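If you want the working numbering, it's the position in the sequence shown, counting the first as 1, plus 2. Note that the Cβ used here is the ideal one computed from N, Cα and C, for glycine as well. Computed from a predicted structure; not experimentally measured. Read the structure below first, then the notes.
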Amino acid sequence: MTQTNCWVSIPEKSDFSIHNIPFGIFSDTDTTKRVGIAIGDQILDLSKAAKLGVFDALNFDTSVFTNAVLNPFIALGKATTNAVREQIQNELTNENSVLKDYDTVLIAQKEAQMHLPVFIGDYTDFYSSIEHATNVGKMFRDPENALLPNWRHIPVGYHGRASSIAVSGVDLHRPMGQTMPPGAEAPVYGPSKRVDFELEMGFIIGKQTQLGETIATKDAEDYIFGKVILNDWSARDVQKWEYVPLGPFLAKNFGSTISPWVVTMEALAPFKVAGPKQEPKVLPYLEATTGGNIDIALQVAIANKNGEETVVSNSNFKYMYWSMAQQLAHHTMNGCNMNVGDLMGSGTISGKTEDSYGSLLEITWGGKNPLILNDGSERKFVEDHDTVIMRGHAEKGDIRVGFGEVRCTILPAKE
Ligand code: MN
3 MTQTNCWVSI PEKSDFSIHN IPFGIFSDTD TTKRVGIAIG DQILDLSKAA KLGVFDALNF
63 DTSVFTNAVL NPFIALGKAT TNAVREQIQN ELTNENSVLK DYDTVLIAQK EAQMHLPVFI
123 GDYTDFYSSI EHATNVGKMF RDPENALLPN WRHIPVGYHG RASSIAVSGV DLHRPMGQTM
183 PPGAEAPVYG PSKRVDFELE MGFIIGKQTQ LGETIATKDA EDYIFGKVIL NDWSARDVQK
243 WEYVPLGPFL AKNFGSTISP WVVTMEALAP FKVAGPKQEP KVLPYLEATT GGNIDIALQV
303 AIANKNGEET VVSNSNFKYM YWSMAQQLAH HTMNGCNMNV GDLMGSGTIS GKTEDSYGSL
363 LEITWGGKNP LILNDGSERK FVEDHDTVIM RGHAEKGDIR VGFGEVRCTI LPAKE
C-alpha cells in the first residue's frame with residue numbers, strides 16, 4: 003500500500019497519510035457528532051461509509067459510528083477496530099471504491115468542528131521523563147540529589163481530574179489561585195502569575211479490566227487503543243504552595259488540552275525504538291521487552307495575539323525513561339481497574355538540551371532566563387492571549403504519521 007494509490011489527494015508532509023487513519027469525533031453543518039477518520043485535509047464520515055456497505059463483511063454494529071464519543075467503537079476490541087482501519091485503507095486505495103461516487107462521505111477538515119474524541123472516565127498523569135524530573139528536582143529541591151530515591155524504581159504518577167480535559171481549540175481562562183509570593187508573610191488570592199504548559203502525550207485505554215485484575219508489561223499494548231498530544235496546563239505558583247504533602251491539585255485541574263485525532267498503536271508500530279537503559283534494574287513486574295519507546299518528534303510554539311508563532315521547544319517521545327507498558331503494569335499491579343477511554347499522561351517530555359525542554363518552567367529555569375519571542379517580547383511564563391500550539395509526528399522513509407496539532411489560548415482571569 004502506498005500513498006500514490008490513494009484517490010484522496012494528500013498534501014506532501016501531511017500528518018494524515020494513508021498509513022495513519024486516526025479516529026476522531028466531528029460535526030459539520032449537520033451538527034450531529036459522529037465518528038470520522040482524517041485523510042489528508044479531509045475527514046471520511048464513517049457513519050456514511052458504513053451505510054454504503056464498506057464494513058458489511060466485518061460483521062459489527064456500525065451504529066457505533068453515530069456515537070458522540072469513540073468509546074463504543076474502541077470497546078469492540080482491536081480485532082474489529084484494526085480490521086476497520088485496514089478496510090478504510092483498502093477503500094481509499096481502491097480505484098473502484100463505492101465511496102468515490104458519494105462526495106458527501108468526505109468533509110473538508112476546515113469546514114468541520116472537532117470534539118473531545120473519548121469520554122474520559124479517569125485521568126492519570128505520570129512523571130516519566132528523567133530529564134524533566136531532574137530539572138524540577140534541581141529547581142524545587144536539591145541540585146545535588148534532584149531525583150527522589152523512588153524515581154528509578156517506580157513510574158511515579160498521580161490521579162488527575164478528567165472533567166476539565168478539553169479538546170484542541172477550547173480556550174481557557176487564567177486560573178485564580180492561592181499562592182505564597184516569595185518573601186510574603188501570608189498567602190494571597192489572585193490570578194496565577196505562572197501559567198505554564200506541559201508537553202505530554204496521552205494514551206487511551208482500549209480494553210477494560212476488572213477490579214483485582216493486573217496487566218503484565220508483555221500484554222500492555224493490547225490495552226492501549228492509541229495516543230494523543232496532551233498539554234497538561236499548570237499554574238506553577240499555585241503548585242509550589244499547595245503540593246505538599248499530597249501532590250498536585252488546583253494547579254493542575256483548571257484544564258488540560260488534547261489533540262482531536264487518536265492515532266492508533268498500529269499506525270505508530272513502524273516507529274518503535276528502544277528506550278533508555280534503566281539503572282538500577284527494575285523489579286520483575288516492571289521488566290519489559292515489548293511496548294518500548296516510539297520516535298515521535300514533538301514541537302511547542304507560542305503564538306502572540308496576532309498569531310505570530312515562535313517555536314520554543316523541539317522534543318521527542320522517545321526520551322521517556324518509563325514506557326507505557328511499564329506505566330500500565332505499575333498502575334494495575336494492585337488490582338486498580340481500567341476502563342475504555344481512560345487517559346494516561348506521560349508526564350512532561352523533556353530532552354537533554356534546553357531547546358528540548360517540555361515546559362516554560364524548565365526553558366526559562368523558573369523565570370530566571372526569559373525567552374525572547376520572534377516579535378521581540380519576553381516570556382517567563384504564558385501571558386494572556388498567548389496561544390500554545392503543540393505538534394507531533396513520526397517519520398521513517400516516506401511514511402509519515404502525525405497528530406496534527408493541539409492549541410489553546412489563555413484568556414484573562416475571571417476575577
Ligand atoms: Mn503533567
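DSSP three-state call for residue i: helix, strand or coil?
i	result
A77	coil
F67	helix
I304	strand
N233	strand
I132	helix
E202	strand
E88	helix
M392	strand
L108	strand
Y245	coil
N7	helix
R238	helix
E268	helix
P250	coil
G404	strand
E223	helix
Y359	coil
P177	coil
K140	helix
Could you compute how far the alpha carbon of residue i sits from the alpha carbon of residue j?
i	j	result
A470	V158	Outside the shown range of the chain (3 to 417) lies residue 470, about which nothing can therefore be said.
G404	G185	46 Å
K35	S166	20 Å
R220	S352	Just to set this straight, residue 220 is Lys in the shown sequence, not Arg. Cα to Cα, K220 sits roughly 26 Å from S352.
K102	L108	9 Å
N152	Y129	12 Å
I76	V240	37 Å
Y323	Q329	11 Å
K229	K398	18 Å
G347	V190	31 Å
L213	I207	15 Å
E133	P119	30 Å
Y225	T33	32 Å
Q115	T64	22 Å
L174	N84	35 Å
N22	L232	19 Å
A222	D297	19 Å
F62	T82	8 Å
A396	F227	17 Å
L252	F67	36 Å
Q180	V71	35 Å
I260	A168	6 Å
For residue i, which residues in the same chain have their Cβ closer than 7 Å to its Cβ, ignoring the five residues on either side in sequence?
i	result
L94	C8, W9, V10, I20 and I41
P250	Y160 and Q241
E310	N376 and D377
V265	N22, P24, G228, K229, V403 and F405
S325	G277, A290, G293, G294 and N295
Q44	V10, L108, I109, A110 and Q111
7 Å is my cut-off, CB to CB: does residue i come that close to chain C?
i	result
L48	Structure shown: chain C not included; a single protein chain is present.
Near residue i, which residues of its chain fall below 6 Å by C-beta distance, leaving aside the five closest residues on each side in sequence?
i	result
G368	M141
E281	none
R409	S170, T389 and I391
M182	P189 and W243
To which residues of the same chain is residue i closer than 8 Å at the C-beta, ignoring the five residues directly before and after it?
i	result
T334	T211, E215, T216, I217 and M340
I366	First, the amino acid is wrong: residue 366 is Thr here, not Ile. Closer than 8 Å at the Cβ level, and outside the excluded window around T366, lie P372, L373, R381, K382 and F383.
### Query
On the three-pair Cβ rule with 8 Å, is the segment 12-24 touching the segment 37-50?
yes
### Message
So if I measure from each beta-carbon to every heavy atom of ligand 1 and keep distances below 6 Å, which residues remain?
### Response
In chain order, the residues with a C-beta atom nearer than 6 Å to some heavy atom of ligand 1 are D127, E200, E202, D234, G347, G349 and T350.
#### Entry: At least three beta-carbon pairs within less than 8 Å, the segment 302-318 to the segment 382-395
yes
### Query
Between the segment 274-290 and the segment 358-371, do three or more beta carbon pairs fall short of 8 Å?
no
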